[in-house]
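One structure below.
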């Protein structure tokens, strides 16, 4: 008799577990309504979900928006939300990677402007020989602009050059060799 109860207990989720799952789907619904339109297009959503998301996004009243988000969570409970959740996590991971690359390029630009040829030499020694002349020239121009208090046009060019280099092969961390 106890064996049957154990099997039955493991087969049916508890009320607390169902609540946790419902709250997780409500959180997913909120995240979906906060996403940009371009990111939403990359998610595997059916037409009903897209319509519900668009409606929830267009509502300005807090109470009505909350009701629309809860309806979206209900729609998600009726479907397998796993693929949507996985795709959303991939988008977040991709965004974190892009942000990290941007910060790495910014750090190198700041390092090159601060340290000049010594920083260029460190970067060239890290397997970026083909770009040595360009980096030196852009760094000198950016340092001159900073010294004279001119607008940072050369610093922007240096940033774009570093971003192009990073796209070819990721730059090392600023302190790393």
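Numbering (this note's numbering), first residue to last: 91 to 267.
Where a beta carbon is used, it is the ideal one built from N, C-alpha and C, also for glycine.
Just to confirm the assignment: which complete alpha helix (DSSP H) runs, minimum length 4, are found wholly within the stretch 94-128? Counting only runs of 4 or more, we get 105-124.
(request) Could you tell me the distance, in whole angstroms, from the CA atom of residue 224 to the CA atom of residue 152? (result) So the two alpha carbons sit approximately 54 angstroms from each other.
query: Which first and last residues belong to the alpha helix (DSSP H) in which residue 148 is found?
result: Looking at the DSSP string, the run of the alpha helix (DSSP H) that includes residue 148 is 137-148.
**Complete alpha helix (DSSP H) runs within the stretch 158-183 (minimum length 4 residues, chain order)** = The qualifying runs do not exist here; there are none.
**Request:** Quick one: which unbroken alpha helix (DSSP H) runs of 4-plus residues sit fully inside the stretch 185-234? Chain order, please.
**Result:** Counting only runs of 4 or more, we get 207-215.
Answer with buried or exposed for residue 146, where buried requires no fewer than 16 other C-beta atoms within 10 angstroms of its C-beta.
-> Here residue 146 is buried: its Cβ has 16 or more other Cβ atoms, across all protein chains shown, within 10 Å.
By the DSSP assignment, the alpha helix (DSSP H) with residue 243 in it spans what residues? Residue 243 -> alpha helix (DSSP H) spans 243-258.
Expressed to the nearest angstrom, what Euclidean distance is found between the alpha-carbon atoms of residue 246 and residue 207? Here the alpha carbons of residue 207 and residue 246 stand approximately 18 angstroms from one another.
#### Entry: Whole-angstrom distance between residue 226 and residue 131, CA atom to CA atom
So the alpha carbons of these two residues sit roughly 42 angstroms apart.
*asked:* DSSP three-state label for residue 264, please.
replied: Annotated three-state conformation of residue 264 is coil, per DSSP.
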